[in-house]
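Using the numbering used here, you'd call the opening residue of the sequence shown number 1 and step up by one each time.
In this text, a Cβ means the ideal position worked out from N, Cα and C, and glycines have one as well.
In this text, all values refer to a predicted model and were calculated from it rather than measured experimentally.
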Amino acid sequence: MTNEELQAAAKQHLWMHFTRMSAYNNGDIPVIVRGSGPYVYDDKGKRYLDGLAGLFVSMIGHGRTELAEAASKQASELAYFPLWSYAHPSAVQLASRLAELAPGDLNRVFFTTSGSEAVESAWKLAKQYFKLRGEYGRYKVLSRDIAYHGTSMGALAITGLAAIKADYEPLPPGGVRVPNTNFYRAPDFVAGDLEAFGIWAADEIERAILREGPESVAAVYLEPLQNSGGCFPPPPGYFARVRSICDRYGVLLVSDEVICAFGRLGYYFGSERYGYQPDIITFAKGVTSGYAPLGGMIVRDFLIEPFLSGHSTFLHGITFAGHPVSAAVALANLDVFEHDGILSNVRANEGGFRATLEKLRDLPIVGDVRGDGYFYGIELVKDKATKETFDDDESERLLRGFLSHALFEAGLVCRADDRGDPVIQLAPPLICTQEHFDEMEQILRAVLTEAWTKI
Ligand SMILES: Cc1ncc(COP(=O)(O)O)c(C=O)c1O
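Next up, the structure:
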């Protein structure tokens with residue numbers, strides 16, 4: 001197909017995800033045709049710095065032929081066989097390797113193909129586990145305001161974004177919201193005191209458990225560092241307190257690491273960085289660096305225990321879960337992590353990334369810069385002193401009308417989002433170094449300076 005034919009066919013037949021299709025009535029759909037390292041190229045040959053690693057996915061960057069070769073080798077040997085009553089070597093090897101990397105006794109891996117399926121699988125497991133233990137009433141799940149946990153019906157019930165749920169109600173019952181850890185917008189009585197804020201936010205989980213009735217609560221879903229809303233790191237002590245609250249009431253702690261696992265925060269798992277022991281880790285995205293789709297959950301020994309004797313069966317499965325090609329690709333991806341020192345690169349350079357983005361604070365539109373590792377959100381405000389945010393019309397004009405397009409035109413893939421307050425999100429490939437941080441800063445500075453003149 002020529003570029004023109006591709007464009008016409010895309011407009012006629014392709015339904016893009018989370019995309020206002022009318023935005024392309026009078027303009028071209030961006031078509032990305034190849035990638036190399038931290039850069040991608042469109043159909044006209046223009047280069048873009050991939051400041052979002054695709055969608056928090058391309059950890060080792062684009063164009064790594066050893067992963068393509070691993071896929072080809074596996075497809076030639078055994079392209080497909082299910083994990084329903086059978087095993088195949090790449091899934092076994094990957095499960096063992098993940099169990100080795102995961103903290104504590106997170107030793108059992110249940111594969112899926114996506115993050116949403118991983119989130120749902122964890123909820124189904126929690127419900128069944130408690131039934132097998134005779135705790136029949138436990139089905140509810142707590143999660144945080146504005147947190148994104150996926151789009152399938154169960155995952156959407158856990159997601160804390162009202163705007164993307166309303167059209168699909170009624171959702172499965174049991175989703176309960178608790179406050180997130182957005183310190184920039186902390187309630188007045190804890191504003192300015194990060195530790196007190198963390199204690200309050202953790203204690204809100206306890207209050208929600210008590211309000212709902214501990215005997216009805218199955219699990220708490222938390223990302224190590226919350227993505228939606230623009231990167232909310234946990235305050236010091238937050239996870240230790242949450243862990244002890246979960247233990248007190250027999251509630252499972254699910255660490256949704258669909259974004260935060262595999263190096264995003266400089267560790268294989270985000271829970272390692274913040275020093276807490278989850279009962280279940282959900283993962284996807286970075287496990288293959290996007291060279292094939294894969295997700296899953298890693299669970300602690302006690303959660304499989306009731307299923308290891310008698311007739312108990314986890315009545316749950318997905319045809320393509322743990323696909324041999326995806327599992328082989330994930331193993332090759334983990335080899336690259338080891339050989340290329342991907343985690344060390346993040347740990348060595350994250351300070352530089354932070355310092356470079358912090359420079360943007362001198363712009364009048366930048367209210368906050370927050371994050372950890374290679375994962376940052378920049379909150380945009382109308383008034384720095386009062387932290388006044390933009391109203392819906394201004395957000396629409398600023399984010400959708402100008403920023404998203406202007407940043408892309410300037411050669412940076414990132415995300416301008418107003419799921420909470422307006423933010424720009426950055427999560428580049430983990431191979432990036434100072435030159436890429438500088439490139440991001442320069443593009444952001446120019447485009448945000450222009451944005452300010454348009455308010
Ligand atoms: C924290 C978290 N959980 C779950 C999901 C859903 O993953 P998927 O899009 O693979 O279904 C995402 C996707 O971005 C996510 O960020």
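Distance from the CA of R347 to the CA of R264, rounded to the nearest whole angstrom, comes to 10 Å. Sorting S271, R415 and R177 by C-alpha distance to the C-alpha of G104 places S271 at the top. A direct Cα-to-Cα measurement between H88 and P364 gives close to 56 Å. By the neighbour-count criterion, in which a residue is buried when 16 or more other Cβ atoms sit within 10 angstroms of its Cβ, M1 is exposed. When C-beta atoms of the stretch 139–149 are compared with those of the stretch 223–237, three or more pairs fall below 8 Å, so the two segments count as touching. Distance from the CA atom of N333 to the CA atom of G63, rounded to whole angstroms, is 12 Å. About 4 Å separates the CB atoms of G115 and A284; that is less than 8 Å, so the two are in contact. Shown here for A99: same chain residues with a beta carbon closer than 6 Å to its own, the five before and five after excluded, namely N107 in chain order.
For the stretch 193–244, the continuous beta strand (DSSP E) assignments of 3+ residues that do not extend past its boundaries occur at 217–222, in sequence order.
A distance below 7 Å between beta-carbons, with the five flanking residues on each side excluded, links C260 to the following residues of its chain, in chain order: E223, P224, L225 and G270.
For F353, there is no enclosing beta strand (DSSP E); the residue is found in the alpha helix (DSSP H) stretching over I342 to E358.
Between ligand 1 and the CB of G198, the shortest heavy atom gap is not smaller than 6 Å. At a threshold of 6 Å, E223 counts as near ligand 1, since its beta carbon sits closer than that to one of the ligand's heavy atoms.
When the alpha-carbon of D279 is set against those of G174, V299 and V31, the nearest one is in V299. Under a 10 Å Cβ-count criterion, I245 is classified as buried, with 16 or more other Cβ atoms of the shown protein chains found around its own Cβ. Annotation for Y291 indicates a beta carbon at 6 Å or more from all heavy atoms of ligand 1. Judged by pairs of C-beta atoms under 8 Å, the stretch 430–442 touches the stretch 344–362, as three or more such pairs exist.
Contact between P38 and G61 holds, with the beta-carbon distance rounding to 5 Å and staying under 8 Å. Counting along the chain, the unbroken beta strand (DSSP E) around I32 starts and ends at I32 to S36. Across the structure, N180 and R243 are spaced so that their CA atoms are roughly 16 Å apart. DSSP lists V109 and I281 as the bridge partner or partners of I298. Taking 7 Å as the cut-off, the Cβ atoms of I199 and Y249 do not count as close. Y80 counts as exposed, since fewer than 16 other C-beta atoms from the protein chains shown sit within 10 angstroms of its C-beta.
Excluding residues up to 5 positions away in sequence, A71, Q74, A75, A79 and A292 lie with their Cβ nearer than 7 Å to the Cβ of V325 in the same chain.
Note: D256 is bridge-paired with T282 in the DSSP secondary-structure output.
With a contact defined as Cβ atoms closer than 8 Å, V329 and L67 qualify at about 5 Å. Assignment of Y184 by DSSP, reduced to helix, strand and coil, places it in the helix class. Of all C-beta pairs linking the stretch 409–419 to the stretch 360–375, fewer than three are shorter than 8 Å, placing the two stretches out of contact. DSSP places S72 in the helix class (H, G or I) of the three-state scheme.
Shown here, L67 sits in a helix according to DSSP, grouped into three states. Relative to the Cα of I205, the nearest Cα in the group W84, R241, A166 and Y184 belongs to R241. Excluding its 5 nearest sequence neighbours in each direction, R34 has C-beta neighbours in its own chain below 6 Å: Y41, listed in chain order. If the five residues before and after V190 are omitted, its C-beta is found closer than 7 Å to the C-beta atoms of A196, F197 and W200, all from its own chain and listed in chain order. Following the DSSP letters along the chain, one finds A9 inside the alpha helix (DSSP H) bounded by residues N3 to H13. By the Cβ neighbour-count rule, I455 is exposed, with fewer than 16 other Cβ atoms within 10 Å of its own.
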